[in-house]
């Protein structure tokens, strides 16, 4: 069970992730999720297909995440998975889901 401090930290990071990603998501992005452990933040992205433009946006989102930090010692890492299979999407979510694209 998470402590109050851990819940507050994760909630803050989830909000920062949403704010950082707003306006940056292409239709290629299928899923965003976040996992916070031991004061570190892992950002997870699932793309339908590989895209250099989306990779650049992911780098920008990570940079923006750092700008939201109150404590500069937070470690933030980005992880990208590629999958077009709608059946795998839920299985690929790591941690707390932030965004799931509506699949057709």
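Residue numbers (our numbering): 1485 to 1588. For glycine and all other residues, C-beta sits at the position ideal for the given N, C-alpha and C.
Inter-residue spacing [alpha-carbon to alpha-carbon] between residue 1545 and residue 1508: 8 Å
Three-way DSSP call (helix, strand, coil) for residue 1502 in this model: Residue 1502: helix per DSSP, three-state reduction.
C-beta contact flag for residue 1578 and residue 1519 at 9 Å: yes
Rounded straight-line distance, which links the Cα of residue 1528 to that of residue 1589: Missing from the structure shown is residue 1589; the chain here goes from 1485 to 1588 and no further.
Alpha carbon of residue 1547 to alpha carbon of residue 1504, nearest angstrom: 9 Å
Proximity of residue 1560 and residue 1576 at Cβ, strictly below 9 Å: In this structure, residue 1560 keeps its C-beta atom at 9 Å or more from the C-beta atom of residue 1576.
Reduced DSSP category for residue 1560 - H, G, I as helix; E, B as strand; rest coil: strand
Residue closest to residue 1502, alpha-carbon to alpha-carbon, out of 1542, 1524 and 1523: For the residues 1542, 1524 and 1523, the minimum Cα distance to residue 1502 belongs to 1542.
As assigned by DSSP and simplified to three states, the class of residue 1517: strand
Sub-9 Å separation of residue 1533 and residue 1558 beta-carbons: no
Between the CA atoms of residue 1570 and residue 1514 - distance to the nearest angstrom: 9 Å
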